Amino acid sequence: MHARANRASRAGEPAVLRVAVVGAGPCGSALATLLARRGADVTLFDDGHRPELLVGESLVPAVVPILQRLGVEETTAALGLLKPGVSFIWSPTDQFSFSFARFAPAVPPYAYNVPRPGFDEALLTNALASGVHRVGARARLEPAPQNGDGAELALAPETLAAAPALGGRQPDLVVDATGRARLAARALGIHAQAGPRNDVAHFAHFEGCRWEDEPGQVVITRLEAGWSWCIPLRDRLSIGIVLGRPDADRLGRTPAARLERAIAVDSRLQAIAGGGRRVTSVVTYSNYQLISQRGAGRGWVMVGDAFGFVDPMLSPGVFLALRSAESVADALAPFLRRGAIPSPAELASALDPYAAEQAAMLRAWSDLVAYFYDGRMPALMCAGRGWVGEGSSVVKSAAQGHIERHIALQASGVRTTSRYSRTLLRVLGRHGLRGVEPVSLAIR
Ligand SMILES: Cc1cc2nc3c(=O)[nH]c(=O)nc-3n(C[C@H](O)[C@H](O)[C@H](O)COP(=O)(O)OP(=O)(O)OC[C@H]3O[C@@H](n4cnc5c(N)ncnc54)[C@H](O)[C@@H]3O)c2cc1C
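Listed below in structure tokens is the structure:
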């Protein structure tokens with residue numbers, strides 16, 4: 004047994020895994036809940052940062068089973084709005100609408116749009132009800148001393164002191180769930196790989212908009228530069244624009260001016276929001292395409308955005324965050340069942356497969372998102388529509404249905420890493436475009 008375990012377990016008592024989760028976003032609260040329910044002693048550091056608006060409002064269908072496992076689907080449904088599908092408006096003539104129900108039961112038939120602060124609060128409340136100790140503090144992490152038990156990362160002294168449940172002893176496992184703050188990576192000097200785009204996103208909530216699509220349907224519109232989202236919430240519409248920095252600069256000097264101008268110059272956005280009223284400030288995000296080069300080590304692990312985030316296109320963030328929480332909880336389950344305290348090195352070995360799986364998932368989403376930006380996905384849709392339109396047959400319809408099903412399996416999060424679905428898309432993206440030029444449908 005290593006030093007932390009000796010200190011943690013008392014004679015005759017089962018050893019309890021002591022975990023510090025830093026960050027009470029969706030990922031941190033979900034992981035804290037799952038671990039506490041399995042008997043871990045979990046301390047959750049919550050910096051209390053609850054801005055009026057947070058991105059991550061549109062969820063993919065694969066989130067639904069995780070919400071059910073956490074026991075928060077009912078609360079989510081009460082807070083949010085059922086999301087039946089997504090519409091892509093690529094040009095006045097190239098528009099594609101998808102309903103998740105069409106791909107059931109392979110894909111959950113719906114998802115949700117949620118106001119994020121309320122959703123985060125619900126997940127935190129759920130964690131506390133599961134016996135998690137909340138510490139209202141902004142945590143600090145630092146490299147562990149070399150002469151310790153082999154752990155690489157430790158809570159800084161004042162952070163440890165702020166957590167009475169830890170009794171002055173370092174936890175067995177430190178989880179970085181700090182999102183884009185990337186606390187562990189910063190403390191350990193771990194680099195992140197930046198994605199190919201250098202976009203900036205501006206968004207706000209509006210009231211009094213005109214909505215002609217299905218209630219809850221998310222609408223993605225390609226703009227002259229970049230793209231926009233419209234995410235219907237219960238009583239508001241979230242509108243965001245995502246575009247390159249030079250194009251953002253050309254739209255206006257301030258985030259509010261840029262968002263206003265983007266709405267004014269796009270006929271579709273103008274029809275939706277022209278008569279509406281902005282009811283929040285405009286929030287900006289940038290530098291978000293980052294994937295950490297390591298995700299776990301001796302006595303520590305990164306989850307959610309702290310490990311990596313791909314892109315707002317297709318809304319994979321909250322799913323990837325909640326899925327990483329599930330995977331880490333599952334990887335630790337054998338120790339919790341046995342009542343054994345693993346050494347930092349044993350934890351690293353147990354968590355390595357999770358880190359590899361999460362990295363593969365992030366890569367698969369990056370590849371999928373690239374199909375939308377470089378125009379191959381809309382080109383494929385146009386080619387498919389043209390092909391079926393040239394004279395429908397049972398075989399053609401079945402083939403088109405098969406292709407759409409595999410796209411849905413990936414974009415819903417249900418099987419994003421499936422080798423077959425990915426290969427199918429790759430082959431079609433190369434050979435199945437039937438003369439439709441992706442570049443003409445690319446997002447600038
Ligand atoms: C422009 C944009 C649009 C997006 N749209 C969507 C979308 O529609 N759907 C979707 O699913 N995802 C979307 N995302 C991604 C989504 O927001 C994230 O993937 C998701 O929030 C990740 O959850 P998390 O728990 O890992 O991190 P976070 O939600 O960032 O939570 C981290 C928490 O840790 C706290 N924290 C930070 N530092 C400390 C500290 N030192 N001590 C204690 N606490 C700390 C933070 O305050 C925060 O509460 C979008 C992202 C961007 C950039």
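Just so you know, the sequence shown maps onto residues 4 to 447 in this note's numbering. Glycine is no exception: its CB is placed at the ideal position from the N, C-alpha and C atoms. Here the structure is a predicted model, which is why all the values come from computation and not from measurement.
Between the Cα of residue i and those of the options, spot the shortest distance and give me the residue it belongs to.
| i | options | result |
| --- | --- | --- |
| Leu254 | Leu226, Pro174, Arg105, Val22 | Leu226 |
| Ala367 | Ala299, Thr420, Glu329, Ala334 | Thr420 |
| Gly243 | Glu215, Thr283, Asp216, Arg256 | Thr283 |
| Gly416 | Ala23, Pro120, Pro64, Pro54 | Pro64 |
| Asp269 | Ile92, Glu76, Asp370 | Ile92 |
| Tyr374 | Ser94, Glu407, Gly432 | Gly432 |
| Gln296 | Thr287, Gly311, Asn290 | Gly311 |
| Leu37 | Ala402, Ser327, Leu62 | Ser327 |
| Asn290 | Gly182, Pro160, Pro54 | Gly182 |
| Ser352 | Leu84, Ser90, Ala299 | Ala299 |
| Ile69 | Tyr115, Gly277, Tyr288 | Tyr115 |
| Glu263 | Pro235, Arg248, Pro199, Ala207 | Ala207 |
| Asp55 | Ser231, Glu161, Thr287 | The question names Asp, yet the displayed sequence has Glu at residue 55. Comparing Cα positions, the closest option is Thr287. |
| Met384 | His409, Pro347, Ala251, Ser396 | His409 |
| Arg41 | Arg437, Phe338, Leu436, Ala104 | Phe338 |
Is residue i near ligand 1, judged by its Cβ being under 7 Å from some heavy atom?
| i | result |
| --- | --- |
| Pro315 | yes |
| Ala157 | no |
| Phe209 | no |
| Tyr291 | yes |
| Cys212 | no |
| Glu60 | yes |
| Ala180 | yes |
| Asp252 | no |
| Arg141 | yes |
| Cys233 | no |
| Tyr288 | yes |
| Gly320 | yes |
| Gly416 | no |
| Arg239 | no |
| Val372 | no |
| Arg21 | no |
| Ala165 | no |
| His52 | yes |
| Phe91 | no |
| Arg137 | no |
Should residue i and residue j be called a contact, given that it needs their Cβ atoms to be closer than 8 Å?
| i | j | result |
| --- | --- | --- |
| Val25 | Ala274 | no |
| Gly320 | Gly31 | no |
| Ala382 | Leu444 | yes |
| Ala23 | Val135 | no |
| Leu428 | Leu365 | no |
| Ala460 | Ser133 | Coverage of the chain is limited to positions 4 through 447, which leaves residue 460 absent and any answer about it impossible. |
| Ala166 | Thr46 | yes |
| Leu520 | Ala187 | As displayed, the chain neither begins before 4 nor continues past 447, which places residue 520 out of reach and without an answer. |
| Glu210 | Arg239 | yes |
| Ser90 | Gln220 | yes |
In chain order, what residues of the same chain have a beta carbon less than 8 Å from the beta carbon of residue i, not counting five sequence neighbours either side?
| i | result |
| --- | --- |
| Ala147 | Ala154, Glu155, Leu156, Ala157, Gln173, Gly302 |
| Val67 | Glu76, Pro111, Tyr113, Ala114, Tyr115 |
Using a Cβ-Cβ cutoff of less than 7 Å, which residues in the same chain neighbour residue i once the five nearest sequence positions on both sides are dropped?
| i | result |
| --- | --- |
| Val442 | Gly378 |
| Val372 | Val313, Asp314, Met316, Leu317 |
| Ser330 | Tyr357, Glu360, Gln361 |
| Gly139 | Asp49, Gly51 |
Apart from the five residues just before and just after residue i, which ones in its own chain have a Cβ nearer than 6 Å to its Cβ?
| i | result |
| --- | --- |
| Val430 | none |
| Ala164 | none |
| Met380 | Tyr374 |
| task | With a floor of 4 residues, list each alpha helix (DSSP H) that falls wholly inside the stretch 33–90, ordered by position along the chain. | result | 66–73, 76–82
| message | Extract the residue ranges of the beta strand (DSSP E) inside the stretch 338–379, only unbroken runs of 3 or more that lie entirely within it. | response | Listed in chain order, nothing qualifies, since the stretch 338–379 has no complete beta strand (DSSP E) run of 3 or more residues.
| 3-residue-minimum beta strand (DSSP E) runs that sit fully inside the stretch 87–160, ordered along the chain | Here the runs fully enclosed are 88–92, 98–102, 114–116, 136–139, 144–146, 156–158.
| query | In chain order, which beta strand (DSSP E) runs of at least 3 residues are fully inside the stretch 254–332? | reply | 286–289, 293–295, 303–305
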